[in-house]
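Asker:
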Amino acid sequence: MDLDQSSESQDTNQWVPIRKRVREKNVSIKTPPPSKKKNNNCISVPEMNVKQEEEVHPSASLIQDYMEQVDCDSQEDLFGDYDSFADDSCFLTPLEDAERRCPIFASNLAENEKEDWKDAVKPQTTFQNPNLLNCLQNDESKTHKHPAEDVILATSKKDSSGKKSNAASEQICTEVLSVLHAGNIDEPDELPSSQLALMETFNSPLIKHKSKSLESETSWMSNCCVNDHPNIPSNSEKEMLNLSKVQNQSRTTNSGTSKQMSLKDQMKNAMAGNAMSPAPQASRSKQLKEIVLSEEINVALKTIEASSGVDMGPFYGLPSKVKDLIFQFKGIKELYEWQHTCLTLESVQERKNLIYSLPTSGGKTLVAEILIMQELLCRKNDVLFILPYVAIVQEKVRGLSAFGIEFNFLVEEYAASKGKFPPIKRRQKKSLYIATIEKAHSLVNSLIETERINSLGLVVIDELHMLGEGSRGAVLEMALSKILYTSKTTQIIGMSATLNNVSDLQHFLKAEHYTSNFRPVQLKEYVKIRDVIYEVDNKSEDYFTFSRVLSYKYSSNMEKIDPDHLIALVTEVIPKHSCLVFCPTKKNCENVSKMLCKYLSKSFITLKEKEKCALIEELKNIGNGLMCPVLRQTVPFGLAYHHSGLTNDERKLLEEAYSAGILCLLTCTSTLAAGVNLPARRVILRSPYVARDFLKRSQYKQMVGRAGRAGIDTEGESILITQEQDKKLITDLVSRPLEGCYSNLIHDNEKGIKDLLLSLIGLKIAQTLGEIVEFMAGTLLGVQQQQLFKGKSFLEVIEQALEPLMEKGLIEGKVSSSSDEEEIYHKLQVTKLGHATFKGSIDLAYCDTLNMDLKKSLEGLVLGNCLHLIYLVTPYDMVSQCTPDWMIYFRQFHQMDVVEQKVFSTVGVPESFLTKKASGQAVRKTVDGFVVGRFYLSLVLYSLFKEMNTWAVAQKFNMSRGFLQSLLNSAATFCSSVLHFCEELEEFWAYQALFQNLTHKLSYCVKPELVPLMEVSGVLEARARQLYNAGYKSLSHLANASPEVLVKTIEHMSRRQANQIVSSAKMLLNEKAEALQEEVEELLRLPVDLPLQSVSTETAH
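According to our numbering, the residues represented by the sequence shown are 37 to 1137, in order.
Below, the structure is given as structure tokens:
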């Protein structure tokens, strides 16, 4: 006991001067106080060392923070008087012997308080590793160091010149760290429970207590040891942290006394903690793995919070499964460098609006699809994808349905007559709306009206340059302007080919711009004049350099039939490679394909003969046994024509055959370049004209951009055939910049701006003149007003557009004059007719005509058949595209029954008029020619409605099959619009059920049993008939079908087609199930306006 007491007394005496010196160390090492470091630009050597160590070892700051935390609580006794080992003499005896053998400090240390730091100063430490203790005791006399298991403190000695020397401390730290590292290799599995708990505590956030004295002491400790060894292993850093806690615990006092604990007391406290700690339930390695996993999760969560909710995944923030599906369905393993750069742009990460433009076939769509996935999966927002054409919408729905099934989001088609307004508000799943321009505008209107526009997290626009293309461009501008004005959280991404005035679009969309000249395959452009081919060279003065002369031998007869040497040009690449020949007209497409077949070698017929025979059979199945005679002649040679005169089924079949290599050449119109991507090794432009109009620069670049197939060809080439007299025009075509993109709101008698103003007032986005001017300033028209307005102010243009809306009775409001004689419109409102017009997306030119037609028909609507209803939904804008054949018109009248003939006279087409027109006689009676032309189209639709055979109707009316299908699709779309128009006007309540049923029938125009199958995107009439005959008679059948079985059961169905059909069916089934579940929940949901249900006491009695 005397030994213990003397030891404790010695401990207490020696720690008093040492702590004082430690806190005053800034005087000896010339280090400024911590409180002044923040405002001092001059950094001392010890401070620089600390900063460098923090950069190399971020955990060093955590160590210091933790030491400060524990040291701040050092005056508290964690165990109090608890001493469960006091009576255990067999344990205390060896413990006392070990304590006597442990050198702590020289006895004369207290006498040298007034001297400067000459000797090593060490705080008392706890030893848990006997090997380490023995090793350090052997070197005691040389180095005066007191090692600890994790933290080593060594002070620098000064030589006679007063300079600090770190040699001794470097040696101490090196030797001790090597012993620590060697001795602790297998230590983790042998640690006691308290040590395990300590390491778990390390993984939790550390509370930093800012104490000036302790911060100084900790900083000095780091300078003395850590900075001398910048490459300390991470294991040693953790051990340093652990021992620092034990070291600080060793400074605690017992029961409020101030004396320092002896080594025995420290050991007793440590072992008491071990006894009280729970035993680990799992292996040490498993616990370490769990700690690492927990740490990774914490880091990921912090990253997610810092990235505004964007999940950081292995594939641009997405699950790796997305990359696998891209490879599975698109065959793309790695992204191009520009795609990676674009996806990692700072503007994209910060969800700023973006426009990116590249040449055709550069891979723009894949970037958009990845961004769409990020919005759906990571940010959990709905997305709107705007595409220019119905066929592209349907193709994209088929392609993305598989992703929706895999990642549990919905893909909804908004094209033709498909789409619900407003869209169903889903319970949990998010929706990807894939829409045409017109449907996208209606969708945006419905979301604004129901105050759900903020649910759109992202809007992606393909072919953004269509903003400058006629009435469709005006509709696109309206939709984007409304999104920009009403939603501040919706991101807009626009992609397009290279644009000339992209700065205007940036200003309009408030977007960043990214561009690149990347092409996956090098493109070489050529121009052919007579039999000489010139390469387009922008470095040359006249932009052309001589390339070669055609050497194909032509007979005199061939020279007359093929003066442009098309046969020579195409036979250089086919049949080994593919070729596209763009022709100015549809008729020219057919003639060129027939001419080429006439002079091609008969050996072409033997190539892939089996596949060609199968293609012919499929074309016959589509036509119910009938086939186009031109295709019958050209397909055996591997050639076909492609234009709008073909049905959707025929075009799709030919496109698939071309992509599969069964067809090696297509003669086509310019619409193919803007539609489905069908690249070729060589692209030939038969003429620099489209119909009678000379090519635009954008049209030319779009066509030649199809040259070069990524992954197949090493280069692509285009050849423009022209005449000598057009050489100057061609020089300008290949050299001038692309046309600019300008607003179309004021074109066509200001039709676009009138439509926009009506919807703004109807949706209550802007109802006063000031609000309207503010909104219009944010449109593309507002950005370009100085270029587009000729001597008019913006206010004058708006007022001029409002006047006809008032005259038509679509809007109402008061007008007053101010003191400066400037007209000011007070709050404007739409009338019922105006509200119905913009809700139905009815053209303002025909809204009053439609209203009168519907009112007139209520008086004598013929319901004995559908002819009268079909007339009411026959599109007004297609009347000008068809001239009636009077003999056919007259013949159709006499083939009708009495009820059907009654419709003729009801709408205003009398028999006498048809008789005189068919016989060529003069007609004196005034008859509305527009009504006559419209009713002729109604007869065509009625024949399709009854016979459901496009081929038979095309022959009866002498029309192309493609025009009939376009007419049918337009009628279905317009019928849907008329339905919405009638829903807003009470007087037309009787039409609602009639038009709803008619819309459904016109959308498919097939036998009723095929309708459920044709609801699936990509399943057209011929394919639906095949599936129905094979036993797949419902949507559920298709959704649960096996693609492998479909490939074996259905003739000429590829695995890719089978996968897309099954995915689309599953997606449609999920949509319907979600809608039903939403309806059930709505029925069972407690009404928010439910009256108070409490019953008073008096009422109860």
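We put the CB at the ideal spot given by N, CA and C, even for glycine.
As the structure is a prediction and not an experimental result, all values here were calculated from the model.
Between the alpha carbons of Y694 and G752, how many angstroms are there, rounded?
Answerer: Roughly 17 Å between the two C-alpha positions.
Asker: Could you tell me the alpha carbon to alpha carbon distance between G980 and P920, rounded to whole angstroms?
Answerer: The question names Gly, but residue 980 is Leu in the sequence shown. Going from the Cα of L980 to the Cα of P920 covers about 17 Å.
Asker: Could you pull the start and end residues of the beta strand (DSSP E) that K787 belongs to?
Answerer: First-last for K787: 783–798, but that is the alpha helix (DSSP H), not the beta strand (DSSP E).
Asker: Closer than 8 Å by C-beta to L407: which residues in its own chain qualify, once you throw out the five before and the five after it? Chain order, please.
Answerer: Excluding residues within five positions, the ones whose Cβ falls inside 8 Å are L379, V384, L494, V496, I529.
Asker: For the beta strand (DSSP E) that contains I878, what are its first and last residues?
Answerer: Here I878 belongs to no beta strand (DSSP E), and DSSP marks it neither H nor E.
Asker: Just tell me which of D964, M923, V943 has its CA closest to the CA of L950.
Answerer: Looking at the Cα atoms, M923 is the closest of the given residues.
Asker: Who are the near neighbours of V935 in its chain, counting only those whose CB is closer than 7 Å to its CB and skipping five residues on each side?
Answerer: V898, G900, N901, listed in sequence order.
Asker: Would you mind reading off the limits of the alpha helix (DSSP H) that contains R687?
Answerer: Counting along the chain, the alpha helix (DSSP H) containing R687 begins and ends at 684–695.
Asker: Starting from the Cα of A958, find the closest Cα among S948, V967, F966 and give me that residue.
Answerer: When only C-alpha atoms are compared, the closest one is S948.
Asker: Which full runs of the alpha helix (DSSP H) of 4+ residues lie inside the stretch 423–477, going along the chain?
Answerer: List check, alpha helix (DSSP H) in window: 426–443.
Asker: What does a CB cutoff of less than 6 Å around K359 pick up in its chain, not counting 5 residues either side in sequence?
Answerer: Counting only Cβ-Cβ distances below 6 Å, and skipping sequence neighbours, we find F351.
Asker: Counting only the same chain and skipping the five closest in sequence on each side, list residues whose C-beta sits under 7 Å from that of K938.
Answerer: The residues are V898.
Asker: Start and end of the alpha helix (DSSP H) containing A990?
Answerer: From DSSP, the alpha helix (DSSP H) with A990 extends over 986–993.
Asker: Express the C-alpha separation of D540 and Q820 in angstroms, rounding to a whole number.
Answerer: Computed Cα separation, rounded: 7 Å.
Asker: Pull up the CB-CB distance for Y725 and P599, whole angstroms please, since I reckon it's below 8 Å.
Answerer: About 16 Å separates the two Cβ atoms, so there is no contact after all.
Asker: Find out if the Cβ-Cβ distance for the pair V671, I641 is shorter than 8 Å.
Answerer: Cβ distance not < 8 Å, so V671 and I641 don't count as in contact.
Asker: I think S437 touches S1072, with their Cβ atoms under 8 Å apart; what is that distance to the nearest whole Å?
Answerer: So it is not a contact: roughly 16 Å between Cβ atoms.
Asker: What are the partner residues of T551, as DSSP defines its beta bridges?
Answerer: Paired residue(s): S393.
Asker: State yes or no: is the C-beta of A451 within less than 8 Å of the C-beta of M531?
Answerer: No, Cβ-Cβ distance for A451 and M531 is not below 8 Å.
Asker: As a quick exercise: from N657, I441, P1044, pick the residue whose alpha carbon is nearest that of T986.
Answerer: Looking at the Cα atoms, N657 is the closest of the given residues.
Asker: Can the beta-carbon of F1017 be found less than 8 Å from the beta-carbon of K875?
Answerer: Yes. Within cutoff.
Asker: Who pairs with F351 in a beta bridge, going by DSSP?
Answerer: F351 pairs with L354.
Asker: Once the 5 residues before and after S734 are set aside, which same chain residues still bring their CB inside 6 Å of it?
Answerer: Only L774, E775 meet the Cβ criterion.
Asker: By the DSSP assignment, the alpha helix (DSSP H) with F1024 in it spans what residues?
Answerer: It is not in any alpha helix (DSSP H) - F1024 carries neither H nor E in the DSSP assignment.
Asker: Which class does D598 belong to by DSSP, given the choice of helix, strand or coil?
Answerer: If DSSP states are grouped into helix, strand and coil, D598 belongs with coil.
Asker: Just checking, does the stretch 1037–1045 make contact with the stretch 1003–1013 on the three C-beta pairs under 8 Å criterion?
Answerer: Contact between the stretch 1037–1045 and the stretch 1003–1013 is present, because at least three Cβ pairs lie under 8 Å.
Asker: Along the chain, where does the beta strand (DSSP E) containing H543 start, and where does it finish?
Answerer: Careful: H543 lies outside any beta strand (DSSP E), inside the alpha helix (DSSP H) at 538–545.
Asker: Am I right that L420 and L446 are in contact with their C-beta atoms under 8 Å? What's the rounded C-beta distance?
Answerer: Contact doesn't hold; Cβ gap of about 13 Å is too wide.
Asker: Output the distance between the C-alpha atoms of N574 and L765, rounded to the nearest integer angstrom.
Answerer: Computed Cα separation, rounded: 15 Å.
Asker: Measuring straight from C-alpha to C-alpha, what distance separates E1115 and I460?
Answerer: Taking the straight line joining both Cα atoms gives about 10 Å.
Asker: The ligand NAP and M984: does any heavy atom of the ligand fall closer than 7 Å to the residue's C-beta?
Answerer: Of the ligands one can find in the structure shown there are none, so the ligand NAP has no counterpart to examine.
Asker: Determine the extent of the alpha helix (DSSP H) in which H501 is found, giving its start and end residues.
Answerer: Where H501 is concerned, there is no enclosing alpha helix (DSSP H), given that its DSSP letter is neither H nor E.
Asker: Tell me the DSSP secondary structure of E1051 in three-state form.
Answerer: In the structure shown, E1051 sits in coil (DSSP, three-state: anything other than H, G, I, E or B).
Asker: Roughly how many whole angstroms lie between the Cα atoms of L838 and I878?
Answerer: Roughly 17 Å between the two C-alpha positions.
Asker: Determine which residues share a DSSP beta bridge with L769 and list them.
Answerer: DSSP output for L769 lists no bridge partner at all.
Asker: Mapping the DSSP letters down to three states, classify Q527 as helix, strand or coil.
Answerer: It is a strand residue.
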